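Engineer: This is the structure I have questions about; it appears just below.
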């Protein structure tokens, strides 16, 4: 993957600062690493690749919060369009941490609000008290839930490639090596060759990547890391409406002849075929 990314002209994090897209439309696609390799070969003339200290792969950490009965999860799983997510997002290589509220309305628009965190260590679940006065103003305005009821539910880690079109009107994020850890059940899940691509743009500006995705038969496909990760690692959660998406993920894993590794609380490691997802 790194060799393919050498064909892209670089763009730095500072140069990316003007492309924030905080109020945007998002279109997600799910594919596999072999298909991603083809896409990168096609896109190198039309896109920059973001680099941090010369590295085009950036490590990310996310901690998702929800109510004890997972109201945010259930609202999404039930198909409601007005919904929220609450998370800590850590840009590991840049040492930047944010408390974020993502709100999606019934017009498909996503609004992200966030504040910086200080002295947060990824993986340290007790490092933040959302009920404290420090976060009261922000969460009181942005969050539709009682902040005092929020508790850690799911961690995930992944590596991200960020592409920017030459016109600097859109961002394409490509997430791979996706891993989930459920804080409640203790279950882990590594997603093998699965790749999540997200096209982020304000409105419907022209996008060079869309024709390439169609040519490779990579179709739009919803994939919420919190929702899918929770469904795969917490068997107590209702997931009937997610079964078609889980089946699609299994089919993609089959097509790439990949396996999903699950690590159970007893530290036993088993190789689970994609049909188990």
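In our numbering, the protein residues as written are 60 to 336. Where is the CB? At the ideal position from N, CA and C, for every residue including glycine. Note that the structure is predicted; figures quoted are calculated from it, not measured.
1. Alpha carbons only, please: which of 85, 214, 76 and 71 is nearest the one belonging to residue 121?
2. What's the gap between the Cα of residue 114 and the Cα of residue 244?
3. With H, G and I counted as helix, E and B as strand and the rest as coil, what does DSSP make of residue 160?
4. What's the C-alpha gap between residue 309 and residue 234?
5. Over the uninterrupted alpha helix (DSSP H) stretch that includes residue 292, give me the two end residues.
6. Would you mind working out which of 106, 131, 237 and 199 sits nearest residue 268, comparing C-alpha positions?
7. I'd like to confirm the pairing. Which residues does DSSP put opposite residue 223 in its beta bridges?
8. Let me know if residue 337 comes out buried or exposed under the rule of 16 or more other beta-carbons within 10 Å of its beta-carbon.
9. Buried or exposed: where does residue 185 fall if 16 or more other Cβ atoms within 10 Å of its Cβ makes it buried?
10. Would you give the residue range spanned by the beta strand (DSSP E) that residue 174 belongs to?
11. According to the Cβ coordinates, are residue 95 and residue 219 closer than 9 Å?
12. Which stretch, first to last residue, makes up the beta strand (DSSP E) that contains residue 147?
13. Let me know if residue 326 comes out buried or exposed under the rule of 16 or more other beta-carbons within 10 Å of its beta-carbon.
Structural biologist: Considering the structure as presented:
1. 214
2. 34 Å
3. strand
4. 18 Å
5. 284 to 292
6. 106
7. 107 and 230
8. The first residue shown for the chain is 60 and the last is 336, placing residue 337 beyond what the model contains.
9. exposed
10. 169 to 175
11. no
12. 142 to 150
13. Because the pLDDT of residue 326 is 35, which lies under 50, any placement of that residue in the model is unreliable, and the number read from its coordinates should be weighed accordingly. Exposed, by the Cβ-count rule.
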